[in-house]
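Colleague: To convert, take the position in the sequence shown, counting from 1, and add 120; that gives my numbering.
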Amino acid sequence: MTSVLLLIPTTSYQTADFLAAADELGIDVFVGSNEASVLSNLGGRTMTVDFADVDRGCAQILALANEVPIDAIVPVDEVTTAVAAAAADALKLRHNPLESVLRAGNKLKLRECLRDARVSTPEFVHVDKDADASETARGVTFPCVLKPLNLSASRGVIRADGHNSFVVAFQRIRDLLNEIGGQTEAARTVLIEQYIPGRELALEGLVNQGKLQVLALFDKPDPLEGPYFPETIYVTPSRESDDMQESISRTTQDAVSAMGLKDGPIHAELRLGDSGPVIIEVAARSIGGLCSRVLTFGAGVSLEELVLRHALSLPIESLERESQAAGVMMLPVPGETPGRLNAVAGIDRARSVPHILDVTLSIPLGERIVPLPEGNRYLGFIFARAESPLAVEQALRDAFGAMTFHVSEKEAGT
Ligand code: ADP
Ligand code: CA
């Protein structure tokens with residue numbers, strides 16, 4: 121029987137959707153995770169994989185492959201791409217080269233690669249987190265964006281417009297990096313980039329032998345101007361002109377080629393600057409959270425099934441997304457300080473808004489929630505489908521407007 125190894129961190133939202141897709145395909149699944157016990161309901165099919173140590177994680181996977189045949193390894197999250205690439209290489213499975221996913225997983229490496237290949241990307245400098253913030257600020261052109269190298273979900277990404285806001289932002293990122301810990305260069309570095317104004321889009325693609333196939337292009341209709349950058353609304357198809365969409369695909373293909381990505385899904389983010397699309401990020405994985413639930417291809421195939429089929433070199437009937445418009449809203453943690461999520465009112469009302477498919481909460485009531493820039497979770501997701509992108513966007517806004525989040529006051533000592 122065909123079998124696939126999914127590499128999923130325990131914090132991932134996506135386990136269920138990938139397992140459902142594997143089920144649909146009738147293939148065997150093994151799940152490698154950093155804490156296999158959390159997935160113990162999968163019985164003997166889970167294993168612990170060290171995602172932080174590529175050699176160790178790779179050896180753990182090779183030990184499994186000695187016992188059972190593995191036909192594909194699929195990294196479901198950014199932090200699992202390096203181990204997946206190394207193990208797939210050793211087992212001669214379809215994969216991205218290790219260097220290419222290391223570029224995708226490190227914002228400084230990505231910028232250096234794109235700059236050297238003359239692919240449009242923000243100008244940047246980088247400094248150690250313990251550098252003198254005030255001194256560093258003197259050499260910076262404003263507005264700029266400060267960020268750590270290897271976090272995701274906009275964690276630690278802060279815009280600064282002048283010397284004072286820079287110093288505050290820098291200190292905040294330093295505190296975050298100190299709290300997360302780690303002595304690698306990536307864990308000690310702050311990237312400082314030119315701020316690119318303009319509309320932002322996300323491109324979901326599948327790379328096949330180095331060639332990018334666009335699966336969906338999402339507009340992000342909420343202005344993302346900082347100082348923090350919570351993801352909110354994604355709507356597809358894009359309302360950009362055909363020429364602009366073509367230009368976005370070309371720029372993303374250029375980035376994919378420069379990075380050396382060969383085989384697997386990508387999730388790219390671009391801004392439309394004064395002289396065309398600018399690459400913000402290219403991740404070597406499919407879209408995060410539960411967002412993929414709004415995407416279906418051909419005769420109702422999920423994104424996860426496409427990813428699995430591609431990894432296994434199984435036939436793919438169609439990469440064409442369904443004809444209706446679709447969208448998702450990620451619900452950011454409200455407020456400026458951590459608190460506890462006590463109640464969420466209006467979910468049923470939100471669900472009954474026309475064109476809304478579902479509203480899902482991803483944080484249990486009573487749990488501590490942390491807003492950006494330190495937090496790394498969403499409260500939940502709203503999904504919509506309608507005849508036009510505008511109707512989708514409006515439905516998402518109406519559903520969000522129907523909901524109220526009750527968060528307790530800042531807790532003492534936090
Ligand atoms: P993450 O991996 O955490 O998503 P990103 O580098 O993608 O980090 O940044 C998150 C968001 O911050 C982007 O989607 C974008 O809205 C904003 N952003 C990041 N860098 C820039 C930049 N140089 N100019 C303008 N906006 C930026
Ligand atoms: Ca991003």
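Even glycine gets a Cβ: it sits at the ideal position worked out from N, Cα and C.
Taking 8 Å as the limit between beta carbons, can you name the residues of its chain near G533, skipping five residues before and five after?
Modeller: Position 413 of the sequence shown, counted from the first residue, corresponds to residue 533. Because the pLDDT at G533 is just 46, under 50, the model does not fix this residue reliably, and the value given afterwards should be weighed accordingly. Correct list: empty, nothing qualifies.
Colleague: Which of helix, strand or coil does DSSP assign to G384?
Modeller: Here residue 384 is taken as the residue at index 264 of the sequence shown, counted from 1. Strand, per DSSP.
Colleague: Under the three-state reduction of DSSP, which class applies to D197: helix, strand or coil?
Modeller: As a position in the sequence shown, residue 197 is number 77, starting the count at 1. Here D197 sits in coil by DSSP.
Colleague: Enumerate in chain order the residues of its own chain whose CB-to-CB distance from T524 is below 6 Å, with the five nearest sequence positions on each side excluded.
Modeller: Counted from its first residue, the sequence shown places residue 524 at position 404. Around T524: A465, G466.
Colleague: Helix, strand or coil: how does DSSP classify D394 here?
Modeller: As a working mapping, residue 394 is identified with position 274 in the sequence shown. Coil, per DSSP.
Colleague: Hey, out of P474, A375, A142, whose CA is closest to R231's CA?
Modeller: Counted from its first residue, the sequence shown places residue 231 at position 111. Looking at the Cα atoms, A375 is the closest of the given residues.
Colleague: Does L516 pass the burial test, meaning 16 or more other C-beta atoms within 10 Å, or should it be called exposed?
Modeller: Mapped onto the sequence shown, residue 516 falls at position 396. Buried: at least 16 other Cβ atoms inside 10 Å.
Colleague: Where DSSP assigns a beta bridge to R238, which residues make up the other side?
Modeller: The count along the sequence shown starts at 1 and reaches residue 238 at position 118. In the DSSP output, where bridge partners are listed per residue, R238 has none listed.
Colleague: Using the rule of at least 16 other Cβ atoms within 10 Å of the residue's Cβ for burial, across every protein chain shown, is G409 buried or exposed?
Modeller: Position 289 of the sequence shown, counting from 1, holds the residue named residue 409. By the 10 Å Cβ count, G409 comes out buried.
Colleague: In chain order, what residues of the same chain lie with their CB nearer than 8 Å to the CB of F520, ignoring the 5 residues before and after it?
Modeller: Along the sequence shown, one-based indexing puts residue 520 at 400. So the list reads M449, L451, A470, I502, once near-sequence residues are dropped.
Colleague: Let me know if L510 comes out buried or exposed under the rule of 16 or more other beta-carbons within 10 Å of its beta-carbon.
Modeller: Within the sequence shown, residue 510 is the residue found at index 390, counting from 1. Flag for L510 reads exposed.
Colleague: Please state if the CB of A431 and the CB of V194 are separated by a distance shorter than 8 Å.
Modeller: By 1-based counting over the sequence shown, the position of residue 194 is 74. By 1-based counting over the sequence shown, the position of residue 431 is 311. Yes, they are a contact pair.
Colleague: Report whether the distance from the Cβ of L271 to the nearest heavy atom of ligand 4 is below 7 Å.
Modeller: The model on display carries ligand 1 and ligand 2 but not ligand 4.
Colleague: Could you pull the start and end residues of the alpha helix (DSSP H) that N462 belongs to?
Modeller: Here residue 462 is taken as the residue at index 342 of the sequence shown, counted from 1. Careful: N462 lies outside any alpha helix (DSSP H), inside the beta strand (DSSP E) at 459-465.
Colleague: Using 10 angstroms around the beta-carbon of R176, count the other beta-carbons present and answer buried if the total reaches 16, otherwise exposed.
Modeller: Counting from one through the sequence shown, the residue named residue 176 turns up at place 56. Flag for R176 reads exposed.
Colleague: Are the beta-carbon atoms of R460 and R497 separated by less than 8 Å?
Modeller: Taking the first residue of the sequence shown as position 1, residue 460 is located at position 340. Taking the first residue of the sequence shown as position 1, residue 497 is located at position 377. No, they are not a contact pair.
Colleague: Please list, in chain order, all residues with a C-beta atom less than 6 Å from at least one heavy atom of ligand 2.
Modeller: Listed by chain position, these are E389, E401.
Colleague: Note the first and the last residue of the continuous beta strand (DSSP E) segment covering V539.
Modeller: As displayed, the chain neither begins before 121 nor continues past 534, which places residue 539 out of reach and without an answer.
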